[in-house]
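First the structure, in the form of structure tokens, and then the observations on it.
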Amino acid sequence: MTNAAIACILMASLSASQVLAAAAEDPATLERLEPALEPTLEPELEPIPESPEDFGTDDMRVVFNRGCEEIQNGNVKGAIAAFRQAATSRRPEVARLANFNLGVILTLSADTILGDDPVAADAAKRDQIREMLDRAVQRFRDAISVAGEYPEATENIELLRAWMHRMSRQWDAKDRAEKRDSLDLLGYLDLLGKEQRGLSRQAKVLADERPSPLRSQTIWEKSREQGRMDEEIEPLKRKIDAALAGPPPGAGQTPGAPGMPPQPATPAVPPEQLERARQQLYQWVDATGAASQKAVTLLEDEDLAAARQAQDDVVENLDGMYVALAPFELLVKKAIEEQESLLTTSRGAEEAKSDEAEESSPRDWEEVADDQFHVALLTDGFMARASEHLRRLEATPKANDGETSKLQVTPKDELEKKAAPGAPTTKATPPGQPSQQEMQAKAYRKAMENGPKIKTLVAEAAELLAKANAVEAQPKQEEALTLLKEILENDQQQQQDQQQQQDQQQNKDQQNKDQQNQDKSQQDQQNKSGQDKMDQQKKDQDQKKDGKDDQQKKQDEQEKQDDQKASADEKKSDEQKKENEKNDSADQKGQEQPEQKMDQAQGDDKKDKEGKQPQQAAGSSGKEDKNGKEAKPIDLSKARIEAMLRKARQRERDHEKRARLFRMLMEQRQGKRTINVEKDW
Numbered sequence: 001m002t003n004a005a006i007a008c009i010l011m012a013s014l015s016a017s018q019v020l021a022a023a024a025e026d027p028a029t030l031e032r033l034e035p036a037l038e039p040t041l042e043p044e045l046e047p048i049p050e051s052p053e054d055f056g057t058d059d060m061r062v063v064f065n066r067g068c069e070e071i072q073n074g075n076v077k078g079a080i081a082a083f084r085q086a087a088t089s090r091r092p093e094v095a096r097l098a099n100f101n102l103g104v105i106l107t108l109s110a111d112t113i114l115g116d117d118p119v120a121a122d123a124a125k126r127d128q129i130r131e132m133l134d135r136a137v138q139r140f141r142d143a144i145s146v147a148g149e150y151p152e153a154t155e156n157i158e159l160l161r162a163w164m165h166r167m168s169r170q171w172d173a174k175d176r177a178e179k180r181d182s183l184d185l186l187g188y189l190d191l192l193g194k195e196q197r198g199l200s201r202q203a204k205v206l207a208d209e210r211p212s213p214l215r216s217q218t219i220w221e222k223s224r225e226q227g228r229m230d231e232e233i234e235p236l237k238r239k240i241d242a243a244l245a246g247p248p249p250g251a252g253q254t255p256g257a258p259g260m261p262p263q264p265a266t267p268a269v270p271p272e273q274l275e276r277a278r279q280q281l282y283q284w285v286d287a288t289g290a291a292s293q294k295a296v297t298l299l300e301d302e303d304l305a306a307a308r309q310a311q312d313d314v315v316e317n318l319d320g321m322y323v324a325l326a327p328f329e330l331l332v333k334k335a336i337e338e339q340e341s342l343l344t345t346s347r348g349a350e351e352a353k354s355d356e357a358e359e360s361s362p363r364d365w366e367e368v369a370d371d372q373f374h375v376a377l378l379t380d381g382f383m384a385r386a387s388e389h390l391r392r393l394e395a396t397p398k399a400n401d402g403e404t405s406k407l408q409v410t411p412k413d414e415l416e417k418k419a420a421p422g423a424p425t426t427k428a429t430p431p432g433q434p435s436q437q438e439m440q441a442k443a444y445r446k447a448m449e450n451g452p453k454i455k456t457l458v459a460e461a462a463e464l465l466a467k468a469n470a471v472e473a474q475p476k477q478e479e480a481l482t483l484l485k486e487i488l489e490n491d492q493q494q495q496q497d498q499q500q501q502q503d504q505q506q507n508k509d510q511q512n513k514d515q516q517n518q519d520k521s522q523q524d525q526q527n528k529s530g531q532d533k534m535d536q537q538k539k540d541q542d543q544k545k546d547g548k549d550d551q552q553k554k555q556d557e558q559e560k561q562d563d564q565k566a567s568a569d570e571k572k573s574d575e576q577k578k579e580n581e582k583n584d585s586a587d588q589k590g591q592e593q594p595e596q597k598m599d600q601a602q603g604d605d606k607k608d609k610e611g612k613q614p615q616q617a618a619g620s621s622g623k624e625d626k627n628g629k630e631a632k633p634i635d636l637s638k639a640r641i642e643a644m645l646r647k648a649r650q651r652e653r654d655h656e657k658r659a660r661l662f663r664m665l666m667e668q669r670q671g672k673r674t675i676n677v678e679k680d681w
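Everything in the sequence shown is counted per full-length UniProt numbering, starting at 1 for the first residue and increasing by one.
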């Protein structure tokens with residue numbers, strides 16, 4: 001049932017003249033008790049005043065209207081509080097409508113909690129929903145009790161019951177499906193067997209009761225539970241198919257029960273044999289379904305004796321499939337668990353009798369006797385398994401005698417090399433200890449030896465339990481339990497020795513692993529220390545190299561600054577010299593003009609007297625250049641000398657730098673260049 005359907009069937013009008021279906025048009029609306037609308041009240045009630053001002057402050061009609069306003073404003077808590085207060089009104093109409101509205105609000109709140117998928121609700125939500133809907137039903141009943149007759153409230157109660165019944169069935173089906181999926185075939189058969197055994201016992205209880213409406217209702221409910229078996233037929237067949245498909249033959253060993261060695265790998269089964277097994281199991285399942293349907297029909301007819309016989313047939317088929325499919329060690333273990341439980345029941349009865357407590361009913365002891373007979377059925381099952389395994393073990397050594405002798409001398413490392421990747425390693429049996437096959441054969445023989453005794457003791461104990469004689473049945477139960485446990489006891493001292501050897505090997509492996517981890521840690525620490533030392537050396541070398549580079553850079557910058565200063569001084573000196581020469585030239589020119597005139601006159605006289613003799617200028621201390629002009633005097637000032645010296649030093653440094661660079665390039669090219677490393681050893 002969808003949420004919309006729930007809302008449609010549960011929201012009802014507050015007016016007696018409206019019906020439940022009208023709420024489907026606007027399921028979120030709750031009608032209110034309007035003061036000016038007389039049709040909302042029954043004729044026998046006193047008329048409502050024309051205006052709200054005529055109401056008293058403590059009038060419950062005002063409180064009811066406030067609740068309607070709160071629900072329209074979306075304040076559900078405020079509306080519930082107001083309606084609860086109005087439900088206590090002495091006015092029947094107000095109390096009736098307040099209770100009805102409370103029931104509707106609770107129902108809609110439950111619907112909100114369920115969400116879009118009610119079936120997916122978890123256990124906590126289910127309990128919350130049931131509690132809220134129970135309160136809603138109670139509110140509808142209160143409305144009916146106030147009004148005497150209230151068809152809308154009565155219909156809502158019926159709809160709520162039907163909805164809860166349907167949802168409970170859907171929730172149960174969901175839970176059963178989840179539990180079914182979590183079990184394997186044997187677990188599933190065990191679960192179905194317990195359920196059917198319980199239904200059979202309940203049918204026997206109902207058969208002893210006197211006819212009554214309650215008994216008929218109970219029988220009808222049990223018929224519905226029995227009908228659920230029809231839903232398990234197809235899932236049971238699917239689990240049979242999955243179990244028969246199973247892992248590949250010989251894929252591995254099956255773990256045994258406590259005290260038992262692992263079972264040998266499943267031998268390859270021909271496909272035709274698997275198909276025959278499937279068909280036989282299908283026939284069992286179909287017979288189970290037919291017996292269950294017959295039991296349902298008989299329960300509906302209230303023929304409880306015949307119905308119980310059909311239910312017993314269902315239980316017999318389920319138990320037969322379980323015993324046919326369960327392995328040897330699982331059957332023995334289950335028999336031990338059931339026998340321990342039965343022995344606890346008998347001991348409890350003895351203590352109760354000694355305390356003069358009320359004795360249990362005969363029907364309870366009949367059920368205990370039935371459970372005791374079930375142990376005999378399990379005993380037949382593991383005896384058949386033991387006989388089958390013994391035949392296989394007796395045939396195996398004869399076919400593999402030669403191979404066994406060869407395996408005993410094969411080195412362990414060679415066997416590990418030949419093993420398939422991922423295959424479990426086969427441990428050799430220590431000298432003086434029985435082999436795995438010997439241990440299995442011993443358990444099987446013990447089962448064949450103790451089995452008949454166990455069946456006799458169990459049958460005698462069941463007869464005594466059916467007569468409620470638990471005191472005399474207890475010794476037989478204890479002896480049967482002892483014999484069952486002997487089947488799985490394979491020399492306790494041997495098991496302790498094997499466990500001790502296993503513990504020693506594990507401790508040794510752990511010590512080796514710890515030593516390897518310690519060695520690895522030390523090696524990692526040494527490697528890290530050496531790496532850190534090399535990193536520090538490289539860092540020191542880089543720092544030294546950076547220091548030298550910085551020093552050379554500073555020296556070059558200083559030389560560059562000196563050169564710039566020298567160039568500036570030289571430029572300044574040249575400018576001063578030019579200025580001085582300019583001034584000297586001007587002065588000299590002023591003095592040479594009259595002298596040149598006199599010299600020219602004298603020269604003319606000498607040319608006439610001496611002819612072509614060379615003429616030398618009187619009073620001149622300089623030399624003439626090739627053009628006949630007088631050479632300029634050399635500037636030997638202090639600034640000029642310092643500038644020339646700086647240039648000479650700069651040229652010397654440049655020459656040394658180029659020579660050094662040339663030597664480095666030649667050494668690198670010839671492979672003679674080495675890196676000086678600080679030796680710290």
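Ideal Cβ placement from N, Cα and C applies to all residues, glycine included.
message = Distance check for I105 and A310, CA to CA, integer angstroms please.
response = About 48 Å.
query = CB A290 to CB L484, shorter than 8 Å?
reply = Cβ atoms of A290 and L484: not closer than 8 Å.
query = For the candidate residues S521, L331, S292, whose alpha-carbon lies nearest to that of S200?
reply = The residue with the shortest Cα to Cα distance from S200 is S292.
A643 versus R651 - alpha carbon distance = The alpha-carbon atoms of A643 and R651 are separated by roughly 12 Å.
ask   = Any idea if W365 is buried or exposed, counting beta-carbon neighbours within 10 angstroms, 16 or more meaning buried?
value = Flag for W365 reads buried.
task = Under 8 Å Cβ to Cβ from G402, same chain only, skipping five residues before and after it: list those, please.
result = Residue confidence for G402 is low, a pLDDT of 42 falling below 50, so the modelled location carries little weight; the figure read from the coordinates is stated next. Excluding positions up to five away in sequence, the list is empty.
ask   = What residue range is occupied by the uninterrupted alpha helix (DSSP H) comprising P475?
value = For P475, the enclosing alpha helix (DSSP H) begins and ends at 470–487.
message = I'd like the span of the alpha helix (DSSP H) that includes E232, first residue to last.
response = Per DSSP, E232 belongs to no alpha helix (DSSP H) and is neither H nor E.
key: Status (buried if at least 16 other CB within 10 Å, exposed otherwise) for V119   = By the 10 Å Cβ count, V119 comes out exposed.
task = Specify, as a first and last residue, the run of the alpha helix (DSSP H) that residue 754 falls within.
result = Since the first residue shown for the chain is 1 and the last is 681, residue 754 is missing from the structure and cannot be characterised.
ask   = Would V375 pass as a contact of L488 if the rule is Cβ separation under 8 Å?
value = Taking 8 Å as the Cβ cut-off, V375 and L488 do not qualify as a contacting pair.
ask   = Where does N507 fall in DSSP's three states?
value = N507 sits in a helix when the DSSP states are folded into three classes.
query = Mind checking H389: buried by the 16 CB within 10 Å criterion, or exposed?
reply = The Cβ neighbour count for H389, taken over all protein chains shown within 10 Å, is at least 16; the residue is labelled buried.
ask   = CB-CB under 7 Å to A81, same chain, minus the five flanking residues each way: which ones, in chain order?
value = There are no such residues.
query = Do V94 and M132 have their C-beta atoms within less than 8 Å of each other?
reply = Going by C-beta atoms, V94 is not nearer than 8 Å to M132.
ask   = Looking at the structure shown, is R126 part of a helix, part of a strand, or coil, going by DSSP?
value = Helix at R126.
Classification of I641 by the beta-carbon crowding that lies within 10 angstroms, buried from 16 upward = I641 should be labelled exposed.
task = Evaluate contact between the stretch 144–158 and the stretch 207–226, counting only Cβ atoms and requiring at least three cross-stretch pairs below 8 Å.
result = No: the two stretches stay apart, fewer than three of their Cβ pairs being nearer than 8 Å.
query = Can you list, in chain order, the residues of its chain whose CB lies under 6 Å from that of L102, leaving out five sequence neighbours each side?
reply = The answer, listed in chain order, is F83, R139.
message = In whole angstroms, give me the CA-to-CA distance for A461 and T379.
response = Annotation: A461 to T379 spans about 15 Å, alpha carbon to alpha carbon.
Residue range of the unbroken alpha helix (DSSP H) whose run includes S182 = In the DSSP annotation of this structure, the continuous segment of the alpha helix (DSSP H) that includes S182 starts and ends at 151–182.
query = What's the C-alpha gap between L236 and T112?
reply = Rounded to the nearest angstrom, the two C-alpha atoms are 37 Å apart.
ask   = From what residue to what residue does the alpha helix (DSSP H) around D111 run?
value = Its alpha helix (DSSP H) spans residues 92–114.
query = Looking at C-beta atoms only, is the number of pairs between the stretch 186–194 and the stretch 305–321 that lie closer than 8 Å three or more?
reply = A contact exists between the stretch 186–194 and the stretch 305–321.
request  = Determine, using beta-carbon pairs with one atom in the stretch 269–288 and one in the stretch 146–153, whether at least three such pairs fall under 8 Å.
outcome  = Here the stretch 269–288 does not lie against the stretch 146–153, with fewer than 3 beta-carbon pairs under 8 Å apart.
query = Span of the alpha helix (DSSP H) holding V63?
reply = Element bounds for V63: 60–72.
query = With contact counted as at least three CB pairs below 8 Å, one residue from each stretch, are the stretch 296–314 and the stretch 215–222 in contact?
reply = In short, these stretches touch, since the Cβ pair count reaches three.
request  = Kindly indicate which residue of V137, R276, S346, M439 has the alpha-carbon position closest to the one of A470.
outcome  = Looking at the Cα atoms, S346 is the closest of the given residues.
message = Here's the rule: buried if 16 or more other CB atoms are within 10 angstroms of the residue's CB, otherwise exposed. What is residue 682?
response = In the structure as shown, the chain begins at 1 and stops at 681. Residue 682 is therefore absent and cannot be evaluated.
ask   = Where does Q551 land, buried or exposed, given buried means 16+ other C-beta within 10 angstroms?
value = So Q551 counts as exposed.
task = Go ahead and label E367 buried or exposed: buried means 16 or more other beta carbons lie within 10 angstroms of its beta carbon, across all protein chains shown.
result = That one is buried.
key: Opening and closing residue of the alpha helix (DSSP H) in which S200 lies   = 185–207 is the span of the alpha helix (DSSP H), which, as asked, contains S200.
Distance between beta carbons of A86 and residue 688, contact taken as under 8 Å = Residue coverage of the chain in this structure runs from 1 to 681, which leaves residue 688 outside it and unanswerable.
request  = Please go through the same chain and pick out, in chain order, the residues whose beta-carbon is closer than 8 Å to the beta-carbon of D241, but skip the five residues on each side of it.
outcome  = Correct list, in chain order: R278.
ask   = Contact check, L330 vs A243 under 8 Å by CB: the rounded distance?
value = Rounded, the Cβ-Cβ distance is 14 Å, inconsistent with contact.
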